[in-house]
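Q: Structure provided below as structure tokens; questions to follow.
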Amino acid sequence: MCSIGEDDFGDDGAAHAMAVESLPLGIVLSPGNCSKCDVNSDELYKLNFRTAECRECFLAYARHKFRAALGAAKILPRNAEVLLVLDGSAESLVLLDMLHFAQTQNTFKRLHCNARVVYVEEQQVQGRDPVHLEALQNLSTQYAPFDFYVIELGALPSSMQRIKDYSPSLNANNELIHKLQKLRSLTARQDYLQQQRKNLICSVAQCLRCTHVFESNISVDLATQLLTAIALGRGGSAALDVALLDDRLSGDVKLLRPLKDLNEQEIQFYIHAQRLKPLFQKGSRYGREHGQTASLQNLTSAFVANLQQNYASTVSTVFRTGDKIAANSNPEQSSCVHCRSTLDTELSDTLLAIEYSRSVSEAGVSLYKSGQDLEDLAKKRLENKDGLCHACRAIQAELDSGNLL
Ligand SMILES: [Zn+2]
Ligand SMILES: [Zn+2]
């Protein structure tokens, strides 16, 4: 990622060579005419599928995608209270910069909403280096008047602090870490962590009286998210995992993904154009530890990354397929007490088959039980009123002891 400021260009030979090397592919530092506005520029941006353009034209194009996502569906009420989730990735910085820009426009073009920013510190849970506090404080100064808050993943929502008051807690008694340690598979740990993170963000939004949450997922994240959801048995709610609007959060908080139509190249160009400095590299977000095959999520992520590299257009096809799946959301139907997806009310043959094979494997080699007994047991489990959906029940089954919630 390019993090070299303007001042570094035209320095001595070595520094200049380094600057060129770290430029994202497609940005050319040689004078030429912008194909959009015809102005001569010494920094041209050439996105795949677009002609070379100047910095201003590129920025206008990228920002338009953000505004169009919010505007087309009239999804954000005027003067809404918005909570932006910052995770330190390039994507989240782009979202912050775009929202800030949209707020500083003149009355006519201005996006009318009030924004706050929350940084979710995942250091304890993910076992990685803590965020560089000074870098975070600099961001809060740069993006004034947005208020910045910090919350630690696994902590109570009420422990959230303003950035100026924040100091990392040395509290090793993180309830979430204990829970994660009890889960046998990495697949279950990652799925559980993602749901918990979402629930925490929702609670923070409620504490700050925000009605809308902005997350910075881009198209490749959503393609991964879609395939992961299906692999985890969350197919019934997968559409909401990739949609612009996800209304499964409690307390009527709505989750929006205004960057969903941006791709990685656009993010890289934007980072360069605005000289932003990501706090973390992407991929460290959901703990891609233990290698590509260690969990369903890691495997899916590696698969999509590979697609992206070799068949980039396939990724957008995958992601657009998600748009076409009708979301299974009926307010009349009850929802899962953990992930809040709509519960299947009818007995599904597929789920019954899964429960059946689970019962068989639990009965072991001795097989005291007859086929009918096992089927009855499977049915009983499906009808179990634990309030969990199929996928969350799979997490519960991975828990050594205790309860998921
Ligand atoms: Zn131009
Ligand atoms: Zn669930």
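The numbering used here applies: residue -16 is where the sequence shown begins, and numbers increase by one.
All C-beta atoms in this analysis are idealised placements derived from N, C-alpha and C, irrespective of residue type, glycine included.
For A403, which of L387, A256, V236, L360 has the nearest alpha-carbon?
A: Coverage of the chain is limited to positions -16 through 388, which leaves residue 403 absent and any answer about it impossible.
Q: Return yes when at least one heavy atom of ligand 2 lies under 7 angstroms from the C-beta of A380, else no.
A: Checking every heavy atom of ligand 2 against the Cβ of A380, none is found closer than 7 angstroms.
Q: Nearest CA to the CA of Y28: which residue from L139, Y253, F197?
A: If we check each option's Cα against that of Y28, Y253 comes out closest.
Q: Quick test of your reading: I134 and P140, contact by CB under 8 angstroms. State the CB separation rounded to the nearest angstrom.
A: Yes, I134 and P140 are in contact; Cβ-Cβ is about 7 angstroms, under 8 angstroms.
Q: Can you tell me whether E105 is buried or exposed? The criterion is at least 16 other CB atoms within 10 Å of its CB, across all chains shown.
A: Under this definition E105 is a buried residue.
Q: In angstroms, rounded to a whole number, what distance separates the CA positions of L94 and A43?
A: So the two alpha carbons sit approximately 15 angstroms from each other.
Q: Is it buried or exposed for K307, if we count other Cβ within 10 angstroms and need 16 for buried?
A: By the neighbour-count rule (16 or more Cβ atoms within 10 Å), K307 is not buried but exposed.
Q: Give, in chain order, every unbroken run of the alpha helix (DSSP H) that is at least 4 residues long and sits entirely within the stretch 124 to 167.
A: Whole alpha helix (DSSP H) segments, 4+ residues: 158 to 165.
Q: Run the Cβ filter for me: residues under 6 angstroms from any heavy atom of ligand 1, listed in the order they occur in the chain.
A: Result (chain order): C17, K19, C20, V22, E36, C37, E39, C40.
Q: Could you pull the start and end residues of the alpha helix (DSSP H) that R364 belongs to?
A: Residues 354 to 366.
Q: Check whether the Cβ of E317 sits closer than 7 angstroms to any heavy atom of ligand 2, and report yes or no.
A: Rather than Glu, the amino acid found at residue 317 in this sequence is Ser. Answer for S317: no, Cβ out of range of ligand 2.
Q: By Cβ distance, which residues of its chain are closer than 8 angstroms to N37, with the 5 residues on each side in sequence left out?
A: Before going on, a small fix: residue 37 reads as Cys here, not Asn. Taken in chain order, the residues that qualify are C17, K19, C20, V22, S24, E26, L27, Y28.
Q: So, at 7 angstroms on beta carbons, what are the nonlocal neighbours of L169 in its own chain, with the 5 sequence-adjacent residues on each side left out?
A: Cβ within range, chain order: H273, A277, S278.
Q: Quick check: does the Cβ of L357 come within less than 7 angstroms of any heavy atom belonging to ligand 2?
A: No, since every heavy atom of ligand 2 falls outside the 7 angstroms radius drawn around the Cβ of L357.
Q: Mapping DSSP to helix, strand and coil, what is H195?
A: H195: strand per DSSP, three-state reduction.
Q: Just the Cα atoms here: how many angstroms apart are D383 and A138?
A: Looking at the two C-alpha atoms, the distance is approximately 22 angstroms.
Q: DSSP puts D25 in a beta bridge; with which residues?
A: In DSSP, D25 forms no bridge with anything.
Q: Please state the DSSP three-state secondary structure of E105.
A: Reduced to three states, the DSSP call for E105 is coil.
Q: Is S324 near ligand 2, with its Cβ less than 7 angstroms from a heavy atom?
A: Checking the Cβ of S324 against ligand 2 gives yes.
Q: Figure out for me which residue from G218, R180, V100 has the closest Cα to the Cα of H83.
A: Measuring from the Cα of H83, the nearest candidate turns out to be V100.
Q: Could you spell out where the alpha helix (DSSP H) holding E249 opens and where it closes?
A: Here the alpha helix (DSSP H) through E249 covers 247 to 256.
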